[in-house]
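**Student:** Could you have a look at this structure, given as structure tokens, before my questions?
Residue numbers (this note's numbering): 2 to 126.
Pasting the structure below:
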């Protein structure tokens, strides 16, 4: 089982703590599925001070920021305390670079040992 505790503090009156047993069907899902669930619960409890899922991110107790597209099972450990903080989630630079390298419009350089990938229109004559 994977159980996590989500915390959000906004002043003294708007504090929410949720202990969640992550369902098996969610474990292969991105972290933003869990944060969206938290936002929905928070907005139901505090309808006058709603949160927006695009302006928050999850952090571990040690300050590690989780990317929105990280996988829940790979990112969180059992009984971990996760803090919901204000601010957009960080971008996953590794995934962006990987998607850029898998772009079908990219051409691989044919010079021996180069293997650099580029777009034909970006190549200088």
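Backbone N, C-alpha and C define an ideal beta-carbon position, used for all residues, glycine too.
Model, not experiment: these values are computed from the prediction.
Using 9 Å as the threshold, is the C-beta distance between residue 85 and residue 8 below it?
**Tutor:** As a first step, residue 85 must be located in the chain shown, where it is residue number 84. As a first step, residue 8 must be located in the chain shown, where it is residue number 7. Contact flag set, yes.
**Student:** If I follow the unbroken alpha helix (DSSP H) through residue 36, where does it start and stop?
**Tutor:** As a working note, residue 36 is residue 35 in the chain shown. Looking at the DSSP string, the run of the alpha helix (DSSP H) that includes residue 36 is 32-46.
**Student:** Can you tell me which residues form a DSSP beta bridge with residue 84?
**Tutor:** In the chain shown, residue 84 corresponds to position 83, counting from 1. DSSP, once it has assigned bridges, lists 8 and 60 as partnering residue 84.
**Student:** To the nearest angstrom, how far is the alpha carbon of residue 76 from that of residue 67?
**Tutor:** Mapped onto the chain shown, residue 76 falls at position 75. Mapped onto the chain shown, residue 67 falls at position 66. So the alpha carbons of these two residues sit roughly 7 Å apart.
**Student:** What residue from 38, 22 and 115 has the CA that sits closest to residue 59's CA?
**Tutor:** Sequence index remark: in the chain shown, residue 59 carries index 58 (1-based). Closest by alpha carbon: 38.
**Student:** Answer yes or no: do residue 93 and residue 71 have a C-beta to C-beta separation smaller than 9 Å?
**Tutor:** Residue mapping note: residue 93 aligns to position 92 of the chain shown, counting from 1. Residue mapping note: residue 71 aligns to position 70 of the chain shown, counting from 1. Contact: yes.
**Student:** Closest to residue 119 by CA distance: which of 112, 106 and 113 is it?
**Tutor:** By 1-based counting over the chain shown, the position of residue 119 is 118. Ranking 112, 106 and 113 by Cα distance to residue 119 puts 106 first.
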